[in-house]
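K.L.:
Quick one: the structure is below, questions incoming.
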Amino acid sequence: MSDSFCDLAGQTCVPCEGGIPALTPAEAQALMPQLHQDWELAEDASYIERDFRFKGFAKAVYTTNAACFLADQQNHHPDIRMGWGYCTVRFCTHAVNGLSDNDFICAAKLDAIVGN
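Residue numbers (my numbering): 962 to 1077.
Given below as structure tokens:
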């Protein structure tokens, strides 16, 4: 775990109502190394997504619940898909129609909660 990962996970989301530009693809790409290697950046840099895989249903539920709890704490809400053996979490900032620092903060916090 790098120092920058710790710094990102230690930050708090700032409410975003739009009016700021989305991160550029280069800015988003520069933040990716601060997240778990399983996070994927969309080709157009409009979202980041991580697919968690498990050998059962319960861990998928626990991961979904952890993501929901985090979202409520940070007031920044991902799209989540889950079912038997998987939980997929996608962060984007709808107010800017792309990625913001909040997405990376929440992704890093989720990494810290579920472990790498």
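Note that beta-carbon positions come from the ideal geometry of N, C-alpha and C, so glycine has one too.
Can you tell me the Cα-Cα spacing of Gln995 and Ala1069, whole angstroms?
P.N.:
What you label residue 995 is simply residue 34 of the sequence shown in a count that begins at 1. What you label residue 1069 is simply residue 108 of the sequence shown in a count that begins at 1. The straight-line gap from Cα to Cα measures roughly 7 Å.
K.L.:
Who pairs with Asp1040 in a beta bridge, going by DSSP?
P.N.:
If you number the sequence shown from 1, residue 1040 lands on position 79. In the DSSP output, where bridge partners are listed per residue, Asp1040 has Arg1051.
K.L.:
Could you tell me the distance, in whole angstroms, from the CA atom of His1055 to the CA atom of Gln1035?
P.N.:
Indexing the sequence shown from 1 puts residue 1055 at position 94. Indexing the sequence shown from 1 puts residue 1035 at position 74. C-alpha separation (whole angstroms): 15 Å.
K.L.:
Give, in chain order, every unbroken run of the beta strand (DSSP E) that is at least 3 residues long and sits entirely within the region 969-1038.
P.N.:
Whole beta strand (DSSP E) segments, 3+ residues: 1009-1014.
K.L.:
Would the beta-carbon of Glu1004 fall within 8 Å of that of Thr1049?
P.N.:
By one-based count along the sequence shown, residue 1004 stands at place 43. By one-based count along the sequence shown, residue 1049 stands at place 88. No, the pair does not count as a contact, with Cβ atoms beyond the cut-off.
K.L.:
Identify the continuous alpha helix (DSSP H) that holds Leu1071 and give its terminal residues.
P.N.:
Start at 1 with the first residue of the sequence shown, and residue 1071 comes out as number 110. 1062-1075 is the span of the alpha helix (DSSP H), which, as asked, contains Leu1071.
K.L.:
Within 10 angstroms of the Cβ of Asn1063, are there 16 or more other Cβ atoms? Answer buried if so, exposed if not.
P.N.:
On the sequence shown, position 102 is the one that residue 1063 refers to. The residue in question, Asn1063, is buried, as its Cβ has 16 or more Cβ neighbours within 10 Å.
K.L.:
Can you check whether the CB of Tyr1008 is closer than 8 Å to the CB of Leu1060?
P.N.:
Working through the sequence shown from its first residue, we reach residue 1060 at position 99. Working through the sequence shown from its first residue, we reach residue 1008 at position 47. Yes. Within cutoff.
K.L.:
Per DSSP, Gly1046 forms a beta bridge with which residues?
P.N.:
The count along the sequence shown starts at 1 and reaches residue 1046 at position 85. For Gly1046, which the question treats as bridged, DSSP gives no partner whatsoever.
K.L.:
From Lys1016 to Phe1052, what distance separates their C-alpha atoms?
P.N.:
Sequence index remark: in the sequence shown, residue 1016 carries index 55 (1-based). Sequence index remark: in the sequence shown, residue 1052 carries index 91 (1-based). So the alpha carbons of these two residues sit roughly 24 Å apart.
K.L.:
Rounded to whole angstroms, how far is the Cβ of Thr1024 from the Cβ of Val1075, which I believe are closer than 8 Å?
P.N.:
One-based indexing of the sequence shown puts residue 1024 at position 63. One-based indexing of the sequence shown puts residue 1075 at position 114. The pair is a contact, with the Cβ atoms about 6 Å apart (cut-off 8 Å).
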